[in-house]
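*Asks:* Numbering (the numbering used here), first residue to last: 774 to 1422.
Note that the Cβ used here is the ideal one computed from N, Cα and C, for glycine as well.
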């Protein structure tokens, strides 16, 4: 679909990468990986046609559409959420207007027997068929599904986009991109502004409904669940692996070991040759052999080893002073803005030394509760901060509070204490401020760089209670690992607001879920919570079926849990149903593939001069598209049924 040939990009005469060639095929799911500065975002911009390479070609077929989501974009605020999302169907509206104009012209003219009139009828018929073929009449439902999948509620559809934060407006741009269904999706950190549920929805969409996808992400779980091919940019070259990210890590390690062995063998060969030349350089009897060895040495193509940081960086917090046993106790805490209740009667206790996660859809009150703890907003109820609690708070605007006239090094030097001061440059290197970058002034740093610097500054302050609000958004995988290890070893208390499952996994032992005005406690790690949440949803579904019309669900969390163990007969019946649904899913998928091939064949015929005027092809195409929509809808319904049965096992 897209062919990249001998690509080279230089900055200030220094090659970022060169002689890069690969092909993006239809339905490819590619993770573009490499350390920060390797050129991942640059590669996406070149593929999107927004940046020209120094040399080389990117060949894109004329009818191939490309959709690009950058990390930062300019957003407009003049429309509602629904109106903004409808911009994805501008081509449909234009076609609709054109059809209306032709229809009005047909109604007003009276030269029914003229060639012009008949040509107008033919043109109207063809354009109308194209309009129906493109799904011009049913895009509204698709918009609603996509917006709700990305976390919007129906009541949000008619709100102005100016009422939403930058993160939510980025979701609208992502929705527009997905709705356009481009042939190739280029996504640069698409999960930065999504919560866990929206990320899971996006994973499913990209894996099942998108065409080709090339994405850059530092969310390890996300790229593992979406991609099946990994392209690494390293040392100015690319390495193409037809596997998901976790398998790529294993294969890369093997490749590096092979490179290292080859490099060591070559170095030994070079050293032996140089020793021979040096030993016999001035002996006339060996002159011919010496000259031969010199030529040999010149011809050797030197093996280059992938640049890898092997420094044993391990960020360690200063020892935390001992706080009271319960740093935070909330009793019936309620927060409302006017008539809008964010959450009510929240009751929770955070114990000293605990590491807990606050999760839930954006706007459900996670950051609001943090502000209550910090004393930045008023509330109803009782909230007690324990004895000797010293809070370190990383907020989304933390980067804006840095002194712009300080250098990166000086910013950290001012807060570092003890032996940490001797390792400042190592620490900065671990967070992508190595070499000359540590001498940059804060005012020239990008938003992401400022965020990382603010994180380091916070981690070195002597506190015993850390509150981190989305701390991983601008960190690459290695920096996230450094941060995760530091938090794991921290002997104080930690509250983390995050959507990054991989980061939270193995780190937190308790999860507070925000949703529907409630704050629910879940003991265990993040994946325990996700599994329990699916079961809880199923229990609620079953309860709602058995509940009488006047009964209301109990909100008393102290009631004993319902016994969910299934009898042998019930489990046998479920297994039988599961096998039947699995067969239906497989049949649907085979039918979808068959229908898509048939549509592609017809579209190829329609692209020819003869096919363009063959109205039977348009009719057949429309029927096949309608048939495909029905199969996809059936596949979605059966897949959901299969998922529900799986939860009941």
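Taking the alpha-carbon of residue 1137 as reference, which of 912, 895, 955, 1290 has the nearest alpha-carbon?
*Replies:* Counting from one through the chain shown, the residue named residue 1137 turns up at place 364. Closest by alpha carbon: 1290.
*Asks:* Thinking C-beta only, is residue 790 closer than 9 Å to residue 804?
*Replies:* By one-based count along the chain shown, residue 804 stands at place 31. By one-based count along the chain shown, residue 790 stands at place 17. No, the Cβ-Cβ distance between residue 804 and residue 790 is not below 9 Å.
*Asks:* Which value, in whole angstroms, describes the spacing of the CA atoms of residue 1018 and residue 1135?
*Replies:* Translated into the one-based positions of the chain shown, residue 1018 becomes position 245. Translated into the one-based positions of the chain shown, residue 1135 becomes position 362. Spanning the two alpha carbons is a distance of roughly 28 Å.
*Asks:* According to DSSP, residue 1133 sits in a beta bridge with which residue or residues?
*Replies:* Position 360 of the chain shown holds residue 1133. Answer is 1287.
*Asks:* Could you check where the alpha helix (DSSP H) with residue 1473 kicks off and where it finishes?
*Replies:* Because the chain here runs from 774 to 1422, residue 1473 falls outside it and cannot be looked at.
*Asks:* Here's a check: name, in chain order, each residue in its chain whose Cβ is nearer than 6 Å to the Cβ of residue 827, leaving out the five neighbours to either side.
*Replies:* Translated into positions along the chain shown, residue 827 becomes position 54. Cβ neighbours of residue 827 beyond the five flanking positions: 781, 782, 783.
*Asks:* Which whole-angstrom value describes the C-beta separation of residue 1164 and residue 1240, a residue pair presumed to lie in contact below a C-beta threshold of 8 Å?
*Replies:* For the purposes of this step, residue 1164 is taken as residue 391 along the chain shown, with counting starting at 1. For the purposes of this step, residue 1240 is taken as residue 467 along the chain shown, with counting starting at 1. Their Cβ separation, rounded to whole angstroms, is 6 Å, which keeps residue 1164 and residue 1240 in contact under 8 Å.
*Asks:* Between the Cα of residue 797 and the Cα atoms of 787, 816, 788, 807, which residue gives the shortest distance?
*Replies:* Taking the first residue of the chain shown as 1, we reach residue 797 at position 24. Checked all of 787, 816, 788, 807; the closest Cα to residue 797 is 816.
*Asks:* Work out the CA separation of residue 1075 and residue 1039 for me, nearest whole Å.
*Replies:* As a position in the chain shown, residue 1039 is number 266, starting the count at 1. As a position in the chain shown, residue 1075 is number 302, starting the count at 1. One C-alpha to the other measures close to 8 Å.
*Asks:* From residue 1051 to residue 1033, what does the alpha carbon distance come to, in whole angstroms?
*Replies:* Residue mapping note: residue 1051 aligns to position 278 of the chain shown, counting from 1. Residue mapping note: residue 1033 aligns to position 260 of the chain shown, counting from 1. When rounded, the distance between both Cα atoms is 26 Å.
*Asks:* Determine the direct distance from the alpha carbon of residue 1061 to that of residue 992, and round the result to whole angstroms.
*Replies:* Looking up residue 992 in the chain shown gives position 219. Looking up residue 1061 in the chain shown gives position 288. The straight-line gap from Cα to Cα measures roughly 59 Å.
*Asks:* Check whether the Cβ atoms of residue 1063 and residue 1072 sit closer than 9 Å, and answer yes or no.
*Replies:* Reading the chain shown from its first residue, position 290 is the one you call residue 1063. Reading the chain shown from its first residue, position 299 is the one you call residue 1072. Against a cut-off of 9 Å, the Cβ pair of residue 1072 and residue 1063 comes out as no contact.
*Asks:* Give the secondary structure of residue 811 by DSSP, where H, G and I count as helix, E and B as strand, and everything else as coil.
*Replies:* Indexing the chain shown from 1 puts residue 811 at position 38. The answer is coil: DSSP assigns residue 811 none of H, G, I, E or B.
*Asks:* Cα-Cα, which of 1144, 1213, 1147 is closest to residue 1176?
*Replies:* Along the chain shown, read from residue 1 onward, the residue named residue 1176 stands at position 403. Per the Cα distances, 1213.
*Asks:* Between the stretch 1199-1214 and the stretch 973-980, are three or more C-beta pairs nearer than 8 Å?
*Replies:* With contact defined as three or more Cβ pairs closer than 8 Å, the stretch 1199-1214 and the stretch 973-980 are not in contact.
*Asks:* Please go through the same chain and pick out, in chain order, the residues whose beta-carbon is closer than 6 Å to the beta-carbon of residue 1188, but skip the five residues on each side of it.
*Replies:* Start at 1 with the first residue of the chain shown, and residue 1188 comes out as number 415. 1230, 1233, 1234.
*Asks:* Would residue 959 and residue 858 qualify as a contact pair, given that the criterion is a beta-carbon distance under 9 Å?
*Replies:* As a working mapping, residue 959 is identified with position 186 in the chain shown. As a working mapping, residue 858 is identified with position 85 in the chain shown. No; because the gap between Cβ atoms is not below 9 Å, this pair is not in contact.
*Asks:* Within this structure, are the beta carbons of residue 904 and residue 879 separated by less than 9 Å?
*Replies:* Position 131 of the chain shown holds residue 904. Position 106 of the chain shown holds residue 879. No, the Cβ-Cβ distance between residue 904 and residue 879 is not below 9 Å.
*Asks:* Quick check on this structure: which residue in 1294, 1375, 1258 has the alpha carbon closest to the alpha carbon of residue 1121?
*Replies:* Start at 1 with the first residue of the chain shown, and residue 1121 comes out as number 348. Check the Cα spacing between residue 1121 and each of 1294, 1375, 1258: the tightest is with 1294.
*Asks:* Can you tell which of 890, 1183, 886 has the C-alpha that lies nearest to the C-alpha of residue 877?
*Replies:* For the purposes of this step, residue 877 is identified with residue 104 of the chain shown, where counting begins at 1. Nearest option by C-alpha distance: 890.
*Asks:* Would you mind stating whether residue 1132 and residue 1302 have Cβ atoms separated by less than 9 Å?
*Replies:* On the chain shown, residue 1132 is found 359 positions in, with the first residue counted as 1. On the chain shown, residue 1302 is found 529 positions in, with the first residue counted as 1. Yes, Cβ-Cβ distance for residue 1132 and residue 1302 is below 9 Å.
*Asks:* Could you tell me whether the Cβ atoms of residue 948 and residue 916 are closer together than 9 Å?
*Replies:* Mapped onto the chain shown, residue 948 falls at position 175. Mapped onto the chain shown, residue 916 falls at position 143. In contact: residue 948 and residue 916 (Cβ atoms closer than 9 Å).
*Asks:* So the candidates are 1053, 1046, 1054, 1059; which of them puts its Cα closest to the Cα of residue 1069?
*Replies:* Counted from its first residue, the chain shown places residue 1069 at position 296. Among 1053, 1046, 1054, 1059, the Cα nearest to that of residue 1069 is on 1046.
*Asks:* Which runs of the beta strand (DSSP E) spanning at least 3 residues fall entirely within the stretch 1015-1074, listed in chain order?
*Replies:* none
*Asks:* Given a cut-off of 9 Å on the beta-carbon distance, is the pair residue 912 and residue 854 in contact?
*Replies:* Here residue 912 refers to the residue found at position 139 of the chain shown. Here residue 854 refers to the residue found at position 81 of the chain shown. No; because the gap between Cβ atoms is not below 9 Å, this pair is not in contact.
*Asks:* So, are the CB atoms of residue 1236 and residue 1265 less than 9 Å apart?
*Replies:* As a working mapping, residue 1236 is identified with position 463 in the chain shown. As a working mapping, residue 1265 is identified with position 492 in the chain shown. The answer is yes: Cβ separation under 9 Å.
*Asks:* State the start and end residues of the unbroken alpha helix (DSSP H) segment that holds residue 993.
*Replies:* In the chain shown, counting from the first residue as 1, residue 993 sits at position 220. That run of the alpha helix (DSSP H) goes 993-999.
*Asks:* Compare the C-alpha of residue 1252 against each of 1222, 1242, 1409 and name the closest.
*Replies:* Position 479 of the chain shown, counted from the start, is the residue given in the question as residue 1252. Considering only alpha carbons, the answer is 1222.
*Asks:* Which same chain residues, not among the five before or five after residue 1403, have their C-beta less than 8 Å away from its C-beta?
*Replies:* The residue given as residue 1403 occupies position 630 in the chain shown. Excluding sequence positions up to five before and after residue 1403, its CB lies less than 8 Å from no other CB in the same chain.
*Asks:* Can you give me the start and stop residues for the beta strand (DSSP E) that residue 836 sits inside?
*Replies:* By 1-based counting over the chain shown, the position of residue 836 is 63. Neither: residue 836 is in no beta strand (DSSP E) and is coded neither H nor E.
*Asks:* Any chance you could list the beta strand (DSSP E) runs of at least 3 consecutive residues sitting entirely within the stretch 1177-1251, in chain order?
*Replies:* 1238-1242
*Asks:* How about residue 1148 and residue 1125: are their beta carbons less than 9 Å apart?
*Replies:* For the purposes of this step, residue 1148 is taken as residue 375 along the chain shown, with counting starting at 1. For the purposes of this step, residue 1125 is taken as residue 352 along the chain shown, with counting starting at 1. Going by C-beta atoms, residue 1148 is not nearer than 9 Å to residue 1125.
*Asks:* For residue 1371, which residues from the same chain have a beta carbon less than 6 Å from its beta carbon, with the 5 sequence-adjacent residues on both sides left out?
*Replies:* As a position in the chain shown, residue 1371 is number 598, starting the count at 1. Contacts found: 1397.
*Asks:* Should residue 1225 go down as buried or exposed, given a rule of 16 or more other Cβ atoms within 10 Å for buried?
*Replies:* Along the chain shown, one-based indexing puts residue 1225 at 452. The residue in question, residue 1225, is buried, as its Cβ has 16 or more Cβ neighbours within 10 Å.
*Asks:* Does residue 1295 come out as helix, strand or coil in the three-state DSSP assignment?
*Replies:* In the chain shown, counting from the first residue as 1, residue 1295 sits at position 522. Note: residue 1295 maps to strand in three-state DSSP.
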